[in-house]
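Enquirer: One structure follows; several queries about it will come next.
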Amino acid sequence: MNDFANDPGPEIDSLIRQVEARLIEIRRDIHAHPETGFDTVRTAAKVAEELHALGLEPRTGVGRTGVVAEIKGGAPGPCLILRADMDALPIQEMTGLPYASTIPGKMHACGHDLHTAALLGAAHALKAMAPQLRGTVRLIFQPAEETLESGAAAMIADGAAEGADMSIAFHNRPELEAGKLMLNRGAGTASSDEFKVTIRGKSGHAARPHAAIDPIVGAAHVIAQLQTIISREMDPGLSAVLTIGHIAGGETQNIIPDSCMFEGTARCRSAQSRDRVEDSFRRICTNAAAAMNLEAEVDYVRGVPALINDDAMVDRAATALEAQFGRVPIVTEADNFGAEDFSLFSERMPSIQIQVGAQTPGRDDRVHNSDYQPNESCIADSAIALTRMAAELLV
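Here my numbering is used: the first residue of the sequence shown is -12, the next is one more, and so on.
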């Protein structure tokens, strides 16, 4: 049992509502000054300033530009990570909002500004409630979630996950009605691997193909064969996605080139399917090219793994959220093939990611869109949810 004599719900709600206007102000300031990748210097400074004001001692420069702070409970117990991402996207904002991006070509089109403000709200409430908690809440504000070079990996390399027992991340979801919460069982996202294949042949005149070895025809053949990985080699219950997004070969119309390149991504929702896709990919590229007297150079780079939600944590979180909000959160199996580097935390410890409704009435928003306008009510909802889950998990 935790040390709350009564239901902590009213106290949590009151603490967040006291600062809700301030959290929206912080979000709008961050939104107007978006920073991408690891260049979240201003945002990190803003976060550290707010944490200092709460009486915390944040560590800056973790994973280059991340921020970490801890809230110690009144009694010993486990360590729970609460993580928010801070980076924006390289998108020109088209919303026309009064607080729209002031930085050309950069925008918070995925709502990480909402996440940063929400975790600061949870920090405010949890600091006030610290004497009633058992254990430690570790607040992680992470850069570079949207980039190939992972901010989570950088922060973990700097010790952000050391000694932690469990972790929670969250994401705004514009497809979900504001006020609603969603938990996923199993894989919440997919792994994301990238590949680049160069098919090498022999150049020659377009009028004499018999004197050349055509890598463009070969690449087309290989690409067609690669599609059979999903349709004929994968167990339908272990679905995956393989996409060729770029192909380039030759410089002009009357020359067969020496090589043709194509590249893309492979996304899987289990370690088993991930291994199968890579093995099959390498085999098909090598053997299909060889069958046409060509050579295939395969560069296959594994990115982040799938984010696996811990079943026991999902159950405990669902109970806590129902008690706090008076309604049962949506608990479902996800079908998401997007990637999320919080998975690097989830492969080290029991973890969950919750989805927070951010739908604005009358709009049909999607993230990564230049006109993205989420409902700011999700800031307080996220902060309340994080605080209540922390209160229930730190027992």
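Built from N, CA and C at the ideal position, the CB exists for glycine as well.
Please determine if the region 216 to 225 and the region 249 to 267 are in contact, where contact requires at least 3 C-beta pairs separated by less than 8 Å.
Expert: yes
Enquirer: Helix, strand or coil for D368, going by three-state DSSP, please let me know.
Expert: helix
Enquirer: Give me the DSSP bridge partner(s) of I203.
Expert: For I203, which the question treats as bridged, DSSP gives no partner whatsoever.
Enquirer: How many whole angstroms separate the CB atoms of A377 and V124, which I take to be in contact at a CB cut-off of 8 Å?
Expert: 5 Å
Enquirer: Residue range of the alpha helix (DSSP H) that M142 falls in?
Expert: G138 to A144
Enquirer: Can you grab the Cα-Cα spacing for the pair G48 / G24, in whole Å?
Expert: Cα to Cα, the separation comes out at about 14 Å.
Enquirer: Run through the DSSP bridge pairs and tell me what R70 is partnered with.
Expert: I127 and A156
Enquirer: What is the rounded straight-line gap between the Cα of A104 and the Cα of R14?
Expert: 5 Å
Enquirer: Excluding the five sequence neighbours on either side, which residues of its own chain have a C-beta within less than 6 Å of the C-beta of G98, listed in chain order?
Expert: Counting only Cβ-Cβ distances below 6 Å, and skipping sequence neighbours, we find N159 and P361.
Enquirer: Quick check on DSSP: helix, strand or coil for Q5?
Expert: It is helical.
Enquirer: Less than 7 Å between C-beta atoms, sequence neighbours within five positions excluded: which residues of the same chain meet that for M(-12)?
Expert: Any answer about M(-12) is weak, because its pLDDT of 40 lies below 50 and its placement is not dependable; what the coordinates show is given next. Counting only Cβ-Cβ distances below 7 Å, and skipping sequence neighbours, we find V382.
Enquirer: Report yes if the C-beta distance between G290 and D180 is below 8 Å; otherwise report no.
Expert: Taking a C-beta distance under 8 Å as the contact criterion, G290 and D180 qualify as a contact pair.
Enquirer: Excluding the five sequence neighbours on either side, which residues of its own chain have a C-beta within less than 6 Å of the C-beta of I271, listed in chain order?
Expert: Q212 and L213
Enquirer: Which ranges would you report for the beta strand (DSSP E) in the region 74 to 106 if only whole runs of at least 3 residues count?
Expert: none
Enquirer: Where does R15 sit, in a helix, a strand or coil, going by DSSP?
Expert: helix
Enquirer: Quick one, which of T252, R303, F268 and L10 has its alpha-carbon nearest I216's?
Expert: F268
Enquirer: Answer with buried or exposed for H39, where buried requires no fewer than 16 other C-beta atoms within 10 angstroms of its C-beta.
Expert: exposed
Enquirer: Within 10 angstroms of its Cβ, does S1 collect 16 or more other Cβ (buried), or is it exposed?
Expert: That one is exposed.
Enquirer: Since A174 sits in a beta bridge, which residues does DSSP pair it with?
Expert: I295
Enquirer: From which residue to which residue does the alpha helix (DSSP H) around E132 run?
Expert: That residue, E132, is in no alpha helix (DSSP H); it is neither H nor E in DSSP.
Enquirer: Give a yes or no on contact between the region 190 to 209 and the region 277 to 289, applying the rule of three or more CB pairs nearer than 8 Å.
Expert: yes
Enquirer: I need the boundaries of the alpha helix (DSSP H) containing K189, first residue and last residue.
Expert: Note, K189: premise wrong, no alpha helix (DSSP H); not H, not E.
Enquirer: Whole angstroms is fine: what's the gap from P407's alpha carbon to G237's?
Expert: Coverage of the chain is limited to positions -12 through 382, which leaves residue 407 absent and any answer about it impossible.
Enquirer: Could you pull out every residue in the same chain whose Cβ sits closer than 7 Å to the Cβ of S190, ignoring the five residues on either side in sequence?
Expert: A199, I242, I243, P244 and D245
Enquirer: Have a look at the DSSP bridge pairing and note the partners of C247.
Expert: I186 and G236
Enquirer: Can you tell me where the alpha helix (DSSP H) holding D286 begins and where it ends?
Expert: That residue, D286, is in no alpha helix (DSSP H); its beta strand (DSSP E) goes E282 to R289.
Enquirer: Would you identify the three-state DSSP class for P33, choosing helix, strand or coil?
Expert: Rather than Pro, the amino acid found at residue 33 in this sequence is Lys. Helix at K33.
Enquirer: In chain order, what residues of the same chain have a beta carbon less than 6 Å from the beta carbon of T89, not counting five sequence neighbours either side?
Expert: A19
Enquirer: For H355, which residues in the same chain have their Cβ closer than 8 Å to its Cβ, ignoring the five residues on either side in sequence?
Expert: L76, I78, A96 and C97
Enquirer: Among H111, E44, A8 and C66, whose alpha-carbon lies nearest the alpha-carbon of I(-2)?
Expert: According to the sequence as given, residue -2 is Glu; it is not Ile. When C-alpha distances from E(-2) are compared across H111, E44, A8 and C66, the shortest belongs to H111.
Enquirer: Under the assumption that C66 contacts A151 (Cβ atoms under 8 Å), give the Cβ distance between them as a whole number of angstroms.
Expert: In this structure C66 is in contact with A151, their Cβ atoms being roughly 5 Å apart against a cut-off of 8 Å.
Enquirer: Mark P161 as exposed unless 16 or more other C-beta atoms lie within 10 angstroms of its C-beta, in which case mark it buried.
Expert: buried
Enquirer: What are the residues that DSSP puts in a beta bridge with Q342?
Expert: Looking at the DSSP assignment, Q342 forms a beta bridge with H158 and M169.
Enquirer: So for R121, helix, strand or coil by DSSP?
Expert: strand
Enquirer: Since A62 sits in a beta bridge, which residues does DSSP pair it with?
Expert: R121
Enquirer: With T273 as the anchor, note down where its alpha helix (DSSP H) starts and where it stops.
Expert: A258 to A278
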